[in-house]
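The working numbering numbers the first residue of the sequence shown as 52 and each following residue consecutively.
The C-beta atom is built at its ideal place from N, Cα and C for all residues, glycine as well.
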Amino acid sequence: MSIDGINNANALIIGSSGGIGLAFVKQLLKDETFTKIYGTYRHRDSSSELIALANNYPNRLVCLSMDITDELQVSEAVKQISVGIDKLHLVINCVGLLHDGSLQPEKSLKQINSEHLIRYFQVNSIGAVLLAKHLLPLFRHSDRSIFASISAKIGSIGDNQLGGWYGYRASKAALNMFMRTVAIEYSRKSPQTIVVTLHPGTTNT
52 MSIDGINNAN ALIIGSSGGI GLAFVKQLLK DETFTKIYGT YRHRDSSSEL IALANNYPNR
112 LVCLSMDITD ELQVSEAVKQ ISVGIDKLHL VINCVGLLHD GSLQPEKSLK QINSEHLIRY
172 FQVNSIGAVL LAKHLLPLFR HSDRSIFASI SAKIGSIGDN QLGGWYGYRA SKAALNMFMR
232 TVAIEYSRKS PQTIVVTLHP GTTNT
C-alpha cells in the first residue's frame, strides 16, 4: 500500500475497530514504509482487536476515540494526531451506517423517518466533510497523499433502478458530492492530495 515510494509515511484509518477499517490497519502494519498509523474507534469495549494490535505495535499504531458525527471530537482527535506528526500521507474514512437497531433501510415511502434520515446523513455524509475540514492542515505538504472515503455504488443516481433504501442511497450520493467538492478545494490548497471515494463491493460488515 506504499505511496509513490514514500518512506516514513503516516496514515489515519477512521473507523478501524472492525471490518474494512481493521483490515486496512492490518495491511498497513505489514508495510514498513508506514512508520506511524492512527486508528480511530467509537467504543473502546468493541475495539479489543484494534487495541491488542496497538499493544503489539506500540511504536507504530496509535488508537484514538472519535465519533465523526461530533465536530468537537473530530477537532480534538486531529489535535492529538498533530502533536505526534506534522503530515499525513494516507487517510481512509471507513465509517458508514446501513442499519442499527431500529434503523433499517426503507423499502417504501411509508417507512421514511426523519430522525433516521438525519442519522444516515450525519454518519455517511457530514462526518466525511468534517474530516476534510479539520485534516487539511496535515495534508499541506509536498508529498503525494491520498484522502479516501468508503462510498457505495448504491449512491449512484443514474444506477438507481430498484428504488428503496432512501436514507442510505441519498447519504452516499451526498458523500460523493461532498468529496467531489472537497477535491476541487484541495486541488487549490493541497494540490498533491488525491481525494477519492471507494466502492468496496458487498461485504459482511
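* Return the residue from the list Ala105, Ile57, Asp96 and Tyr92 that minimises the CA-CA distance to Leu80. => Ala105
* What number of angstroms, rounded off, separates the C-alpha of Glu236 from the C-alpha of Met230? -> 10 Å
* Hey, how far is the Cα of Tyr217 from the Cα of Pro251? -> 20 Å
* Asked: So Asn164 is in the beta strand (DSSP E); what residue range does that whole segment cover?
  -> Where Asn164 is concerned, there is no enclosing beta strand (DSSP E), given that its DSSP letter is neither H nor E.
* Note down, in chain order, each residue of its chain lying with its Cβ closer than 7 Å to the Cβ of Asp118, except the 5 sequence neighbours on either side. => Arg93 and Gln124
* Asked: In or out: His140 buried (at least 16 other Cβ within 10 Å) or exposed?
  -> buried
* **Reduced DSSP secondary structure (H/G/I, E/B, other) of Asp96** => helix
* Helix or strand or just coil, what does DSSP make of Lys158? -> coil
* By DSSP, does Asn61 sit in helix, in strand, or in coil? -> strand
* Looking at the unbroken beta strand (DSSP E) that takes in Asn144, where does it start and where does it end? -> Leu141 to Asn144
* What are the complete beta strand (DSSP E) segments, minimum 3 residues, inside the stretch 72-131? -> 85-92 and 112-116
* Asked: DSSP state of Ala259, grouped into three classes?
  -> Beyond the ends of the chain as shown, which are 52 and 256, falls residue 259; an answer cannot be given.
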